[in-house]
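If you use numbering that gives the first Met the number 0, the sequence shown corresponds to residues 0 to 309, in order. Following: one structure in structure tokens, then a few remarks.
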Amino acid sequence: MHPSDEIKTLREKHYNATMIDIEELNPELWILRVRPDDELPSYKPGQYTTLGLGDWEPTNDPANNEDVGENLKSKLVRRAYSMSFPMYHDDPGQLLAPEDLDHFEFYITVVVRNGEPGQDPTLTPRLWALKKGDRLWMGPKITGHYNLDYIDPDDQVIFAATGTGEAPHNCMIADMLRHGHTAAIVSIVCVRYARDLGYQKTNQQLADLYPNYHYITLTTREEHNLSRKVYVQDLIKSGELEAQTGITLDPTRTHVYICGNPDMIGVPNYTREGEKSYPETLGLVELLESRGFKADHRRDKGNIHFEEYW
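Below is the structure:
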């Protein structure tokens, strides 16, 4: 069989979804909208699913495509992605629910090659080669414990993210506002450049409309930041978060959701005896636990919930 015919057969066999739209925010940051062939599964805001493409697919780097179609392994390259969410269409006062959409939204950054043998990314360069109407694979289930199950109506909720770690927070925030949550909701997003704030306009319009919602953005590589970078940890440690929002970081009525760079999260290590140690770099878990908060650990749920994006 000719390689092109074999690839066509493999696509027909494995793929179960269509790329219906690609929104390029900048060359390294896209919003992808994917429609499964079958009925859309229900999910809780904050959960994730899996996207995949065959190892036979080309990438966005021509240097990697010389052997496409030859020596096929016929395997799907897969990666988990949190469900992102548009929050609303035209009117920020008309918030959407997941069941209002006929597709799923993903907020993805392309992983840049680091030049180390065997360390090149496998899926995102293939996603970046797709066009509207192309086919791909999507996992049949949406799952995950990073959701709003732990929140009471009078709880303050703080969301902290780096980059595309904002994705799961979009649906969670829209869900809380749509259901009339009146306690403070704060979303903090830290990125390199302002161009990487893909949902800034959407969230700022919501913050302008809902008095209990605060949207805070931090950039670290813009020219005005180079002499004094402020990360999420700095915002909290300095007291600036409380000063900007008027909230008090009270662990008896506040939950914190953290998604993104492991250095921001600072997930502790545990010995078999249950002894805990923190990473060398100060992360949010250590910072918040020093103030009376408690991070999730296995089945022992606290008021710090985290999702690593690395």
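For each residue, glycine too, the CB sits at the ideal point set by N, CA and C. Keep in mind that this is a model prediction, so the values were computed, not measured.
Where residue i falls, given that 16 or more other Cβ within 10 Å makes a residue buried
i, result
"Pro-116", "In this prediction, Pro-116 has a pLDDT of 48, which is less than 50 and means its spatial position is unreliable; what the coordinates show is noted afterwards. With fewer than 16 other Cβ atoms within 10 Å, it is exposed."
"Ala-79", "exposed"
"Pro-139", "exposed"
"Gly-51", "buried"
"Asn-146", "buried"
"Asn-169", "buried"
"Leu-176", "buried"
"Thr-8", "exposed"
"Leu-225", "exposed"
"Glu-288", "buried"
"Ala-159", "buried"
"Gly-259", "buried"
"Gly-282", "buried"
Beta-carbon proximity list for residue i, same chain, < 7 Å, skipping 5 on both sides
i, result
"Gln-93", "Tyr-87"
"Pro-35", "Asn-15, Ala-16, Met-137"
"Arg-220", "Arg-191, Tyr-192"
"Pro-250", "Arg-290, Gly-291, Phe-292, Asn-302"
"Tyr-42", "Met-82, Pro-97, Ile-141"
"Glu-239", "none"
Proximity of residue i and residue j at Cβ, strictly below 8 Å
i, j, result
"Pro-91", "Leu-208", "yes"
"Tyr-189", "Thr-163", "Correcting the residue type first, residue 189 is Cys in the shown sequence and not Tyr. Not closer than 8 Å, so no."
"Pro-261", "Glu-306", "no"
"Glu-98", "Phe-84", "no"
"Leu-217", "Ile-246", "no"
"Ile-21", "Trp-29", "yes"
"Asp-54", "Lys-74", "yes"
"Leu-122", "Ala-173", "no"
"Val-33", "Leu-135", "yes"
"Arg-290", "Leu-248", "yes"
"His-223", "Tyr-256", "no"
"Ala-166", "Tyr-106", "yes"
"Lys-300", "Tyr-149", "yes"
"Glu-27", "Val-109", "yes"
"Leu-126", "Leu-31", "yes"
"Arg-271", "Asn-25", "no"
Sheet register partners of residue i (DSSP bridge)
i, result
"Asn-268", "Ser-276"
"Thr-218", "Val-190"
"Trp-29", "Glu-23, Ile-107"
"Gly-372", "Absent from the structure is residue 372, since the part of the chain shown begins at 0 and ends at 309."
"Arg-77", "Gly-51"
"Ala-242", "Bridge partners of Ala-242: none, in fact."
"Asp-249", "Paired residues: none, contrary to the question."
"Pro-35", "Ala-16"
"Phe-158", "Ser-186, Tyr-256"
"Gly-83", "According to the sequence provided, residue 83 is Ser. The question's Gly does not apply to it. According to DSSP, Ser-83 bridges with Glu-104."
"Tyr-212", "Ile-184"
"Asp-299", "His-296"
Own chain partners of residue i with C-beta closer than 6 Å, once the 5 adjacent residues on each side are dropped
i, result
"Tyr-212", "Ile-184, Leu-205, Ala-206"
"Gly-331", "Missing from the structure shown is residue 331; the chain here goes from 0 to 309 and no further."
"Asn-268", "Ser-276"
"Pro-40", "Ile-141"
"Met-171", "Pro-44, Gly-45, Leu-147"
"Thr-48", "Gly-138, Ile-141"
"Ala-128", "Pro-57, Thr-58, Asn-59"
"Ser-81", "Tyr-47, Ala-166, Pro-167"
"Val-229", "Leu-217"
Own chain partners of residue i with C-beta closer than 8 Å, once the 5 adjacent residues on each side are dropped
i, result
"Ala-182", "Pro-152, Asp-153, Asp-154, Gln-155, Val-156, Asn-211, Arg-252"
"Leu-286", "Gln-232, Ile-235, Lys-236, Gly-265"
"Thr-280", "Asp-262, Gly-265"
"Arg-77", "Thr-49, Leu-50, Gly-51, Leu-122, Trp-136, Gly-138"
"Glu-241", "Thr-247, Leu-248"
Please list the segments of the alpha helix (DSSP H) lying wholly inside the segment 96-152, counting only runs of 4 or more residues, in order along the chain.
With a minimum length of 4 residues, the continuous alpha helix (DSSP H) runs that stay inside the segment 96-152 are 123-126.
Starting from the N-terminal side, write out each stretch of the beta strand (DSSP E) that is 3 residues or longer and does not extend beyond the segment 161-209.
You should have 184-190.
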